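**Q** Before I ask anything, here is the structure I am working with.
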Amino acid sequence: MEVEILNPKTSKPYGKCNIESPKITVSELRQIIQKQIKNTPHADRISLKLEAKGKTLKDSDTLEKLGVRNGTKLYLKDLGPQIGWSTVFLAEYAGPLAVYLWVYQRPYIFYGDTTDAVISTTAHIAAACWTLHYAKRLLETIFVHRFSHSTMPIRNLFKNCAYYWGFTAYVAFHVNHPLFTPPCLMQVYGALAGFILCELGNFSIHINLRNLRPPGSKVRKIPKPDGNPLTKLYNFVSCPNYTYEIGAWVFFSIMTSCIPAGLFAFAGAYQMTIWALGKHRNYKKEFNDYPKSRKAIFPFLL
Ligand SMILES: NC(=O)c1ccc[n+]([C@@H]2O[C@H](COP(=O)([O-])OP(=O)(O)OC[C@H]3O[C@@H](n4cnc5c(N)ncnc54)[C@H](OP(=O)(O)O)[C@@H]3O)[C@@H](O)[C@H]2O)c1
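Written as structure tokens, this is what we have:
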């Protein structure tokens with residue numbers, strides 16, 4: 000069969016492409032388009048839609064399932080230059096490690112001469128927590144996550160790095176400031192215990208998600224608690240990794256009593272809530288037997 004590929008902005012045709020079987024997936028069709036039609040971008044840059052302003056078709060869907068027939072028109076959007084999915088994560092998480100540990104050294108450029116100013120126990124603990132968190136995320140990106148995407152638009156690299164690196168400098172500047180006043184040690188150690196628990200919970204969910212997907216596949220399943228008690232949060236929410244992540248930053252903010260840390264926790268919570276609501280909606284659409292009692296991110300609330 001033959002399908003016509005159009006530019007969604009101008010509706011001008013890129014050309015036609017011959018397909019042997021309607022059983023091929025959208026991902027395979029992207030490769031075929033790149034091979035058969037001149038002047039089309041690399042397959043990784045192609046997004047295909049059934050309508051000019053419609054949604055991007057899912058890579059794993061077959062043309063048969065989407066109702067694509069002989070003569071169907073498909074719209075091709077060029078997503079622009081791409082960069083490896085993991086590369087973006089590695090860059091955005093390596094920055095917070097380097098920037099925080101640099102500011103922790105109290106560089107002259109920020110604080111002037113600080114030779115006589117003592118660094119508080121809380122500032123040491125905060126630096127250890129920050130390092131633990133981002134070292135964990137770097138290692139998870141390399142050894143744990145099984146991502147289904149290979150690339151993303153290169154502009155995400157600048158956007159994500161600006162967010163993480165910028166917030167890190169803002170938080171680190173205040174927590175490591177010679178005039179920083181730590182709260183009482185009971186509050187610090189209590190919040191530290193909460194932070195560690197949330198980090199363990201977040202890690203447990205990442206392992207649970209990894210085990211859902213066979214290596215090299217893009218399989219998606221309904222996540223469920225496993226033998227690890229920290230995964231029981233799945234009985235209440237669809238994205239417990241986000242719940243734990245928010246918890247970790249709330250405890251970090253309590254531990255340091257620092258407003259910039261609270262703002263970082265709030266910004267992350269806002270973003271993750273939006274993503275969790277989207278993921279929760281998708282789970283309910285994708286799986287008829289999806290547990291009805293689950294909320295998206297905050298047990299019993301949202
Ligand atoms: N502080 C912040 O502002 C902030 C913001 C966002 C994230 N984070 C942290 O970064 C971590 C990772 O974020 P994320 O947004 O990538 O998390 P995510 O969407 O939950 O994905 C984590 C991994 O699990 C896979 N996965 C998700 N649902 C699956 C399912 N139903 N079946 C099989 N595999 C599935 C994902 O693959 P796919 O590639 O298919 O999605 C990905 O490899 C978060 O847990 C959080 O700790 C922090």
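Per numbering that gives the first Met the number 0, the very first residue in the sequence shown carries number 0; after that it's consecutive. Beta carbons are placed, not taken as given, at the ideal position from N, Cα and C, and that holds for glycine. As the structure is a prediction and not an experimental result, all values here were calculated from the model.
Would DSSP call lysine 283 helix, strand or coil?
**A** helix
**Q** Given 6 Å as the limit, tell me if methionine 151 has its C-beta closer than that to any heavy atom belonging to ligand 1.
**A** no
**Q** Looking at the structure shown, is asparagine 240 part of a helix, part of a strand, or coil, going by DSSP?
**A** Helix, per DSSP.
**Q** My assumption, with CB atoms under 8 Å, is that isoleucine 296 sits in contact with valine 218. Please give the rounded CB distance.
**A** Incorrect: roughly 23 Å between the Cβ atoms, too far for contact.
**Q** Using CA coordinates, which residue listed in Ala90, Asp58, Phe172, Ile82 is at the minimum distance from tyrosine 110?
**A** Out of Ala90, Asp58, Phe172, Ile82, Phe172 has the C-alpha closest to the C-alpha of tyrosine 110.
**Q** Mind checking which residues open and close the beta strand (DSSP E) that includes proline 95?
**A** Counting along the chain, proline 95 falls outside any beta strand (DSSP E), though it belongs to the alpha helix (DSSP H) covering 84–103.
**Q** Does the contact criterion of 3 or more C-beta pairs under 8 Å hold for the segment 154–163 versus the segment 88–95?
**A** yes
**Q** Suppose you measure from the CA of tyrosine 341 to the CA of threonine 113; what does that come to, to the nearest Å?
**A** Nothing in the structure corresponds to residue 341, since the chain is present only between 0 and 301.
**Q** For aspartate 60, which residues in the same chain have their Cβ closer than 8 Å to its Cβ, ignoring the five residues on either side in sequence?
**A** Thr24, Val25
**Q** Assuming threonine 325 and aspartate 43 are in contact, meaning their beta carbons sit under 8 Å apart, how far apart are those beta carbons, in whole angstroms?
**A** In the structure as shown, the chain starts at 0 and stops at 301, and residue 325 therefore has no counterpart that could be examined.
**Q** Once DSSP output is grouped into helix, strand and coil, what is the label at aspartate 225?
**A** coil
**Q** Do the segment 117–131 and the segment 50–60 make contact, defined as three or more Cβ pairs closer than 8 Å?
**A** no
**Q** Taking the beta strand (DSSP E) that threonine 150 falls in, what are its first and last residues?
**A** 150–152
**Q** Quick one: using the 10 Å Cβ neighbour count with 16 as the cut-off for buried, is phenylalanine 250 buried or exposed?
**A** buried
**Q** Between the Cα of tyrosine 241 and the Cα atoms of Leu96, Ala268, Lys76, which residue gives the shortest distance?
**A** Closest by alpha carbon: Ala268.
**Q** So does asparagine 201 have its beta carbon nearer than 6 Å to some heavy atom of ligand 1?
**A** yes
**Q** Looking at the secondary structure, which residues open and close the alpha helix (DSSP H) in which glutamate 3 lies?
**A** First-last for glutamate 3: 1–5, but that is the beta strand (DSSP E), not the alpha helix (DSSP H).
**Q** Work out the CA separation of cysteine 197 and isoleucine 206 for me, nearest whole Å.
**A** 14 Å
**Q** So, helix, strand or coil for threonine 180, using DSSP?
**A** coil
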